[in-house]
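For the sequence shown, the working numbering gives the first residue as 193, with consecutive numbering after it.
Down below is the structure, laid out as structure tokens.
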Amino acid sequence: MIRIFQLAVLATVAVVLGGCNLFSPTNYEDCAAQAAKDSHGNDGLRILVNQCSIDFPARRQPDGTFVYYDLQSQTNYEVKGPKPSSDEWKWIEGERQKQITQKEAAKQAQSQSYADSIEKGNKALQLVKVISAVVTCQSPNYCGRKQVTATIQNGSDSTITQIGVGWVISATKIECAPSMQLSDRSTVNIQPGGKAVLSWETLDGPERIGSLCFQVLSARAQ
């Protein structure tokens, strides 16, 4: 009986000591290094390293400090150790919410700025005048490739930054339609009261030029 009892005690001690690592890692880097030694195969290594990431969210830097990378806000936060404290988690969450609020505010401001630009452009469009518009052939022998040139005047009190234009090139004289499809959209900088000469290359229309219908269809202003 005494012999059996001694064997049982030894077995119990062996199990306890076998399941207890006296040199447990204290940070992610040591944990990952230990995982590389203990794992058998890539699958096992991935499981162990993933557990290291859960146990030690922060990463040790060369200068000895620890940084936690927050995937949601894509921001690094310096913390005091390999495991952020409860106060540090609260601070990270607060900073994350600040960033979300700032991004939403910036998005709304950008959206509002775009809407204001469109509104100004619609008002400016009513005061944009096409002073002249001509179409010319780029080759004396072949008029497949053409150049449309227009002089545009900004009669509004806003700077026009973009215009959309449409044109129809015909072999015979035609009347310009009230509505026309967009042919091109160009970035411009036409100051209030100013003029701009703009040119576009096109393959539109027949080889023989008869007439050109040209319109400014849209405008964006600031």
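Glycine included, every Cβ here is placed at the ideal spot set by N, Cα and C.
Taking 8 angstroms as the upper bound for CB-CB distance, T343 and I323 are in contact here, some 4 angstroms apart. A298 and Q291 have their alpha carbons spaced roughly 10 angstroms apart. Judged by beta-carbon spacing, S350 lies within the 8 angstroms limit of K312, meaning their Cβ atoms are closer than that value. Uninterrupted alpha helix (DSSP H) stretches at least 4 residues long and entirely within the stretch 229 to 253 occur at 234 to 247, given in chain order. When DSSP states are grouped into helix, strand and coil, R288 belongs to the helix group. According to DSSP, Y334 shares a beta bridge with no other residue. If you check the CB distance, D262 and R288 come in under 8 angstroms. With a 10 Å radius around the Cβ and a threshold of 16 neighbouring Cβ atoms, I366 comes out exposed. Taken through DSSP and simplified to helix, strand or coil, E311 comes out as helix. Following the DSSP letters along the chain, one finds D376 inside the beta strand (DSSP E) bounded by residues D376 to I382. Rounded to whole angstroms, the gap between the alpha carbons of I382 and A363 is 32 angstroms. Across the set S303, D222, G236 and Q226, the C-alpha of D222 shows the shortest separation from the C-alpha of A250. Beta-bridge partners assigned by DSSP to S403: S362. Under the DSSP assignment, N219 falls outside any beta strand (DSSP E); it carries neither an H nor an E label. Taken atom to atom, the span from the alpha-carbon of G233 to that of D376 is near 60 angstroms. Excluding its 5 nearest sequence neighbours in each direction, Q373 has C-beta neighbours in its own chain below 7 angstroms: G358, listed in chain order. The DSSP-derived three-state label of T341 is strand. Where D262 is concerned, the enclosing beta strand (DSSP E) starts and stops at F258 to D262. As DSSP reads the structure, Q354 sits in a beta bridge with T379 and R412. In this structure, the CA atom of L319 is about 12 angstroms from the CA atom of K387.
Using a 10 angstroms sphere on the CB of A316, the tally of other CB atoms reaches 16 or more, which defines it as buried.
Rounded to the nearest whole angstrom, the CA to CA distance from E399 to V326 is 15 angstroms. Straight across, the Cα-Cα distance linking Y269 with Y306 is about 34 angstroms.
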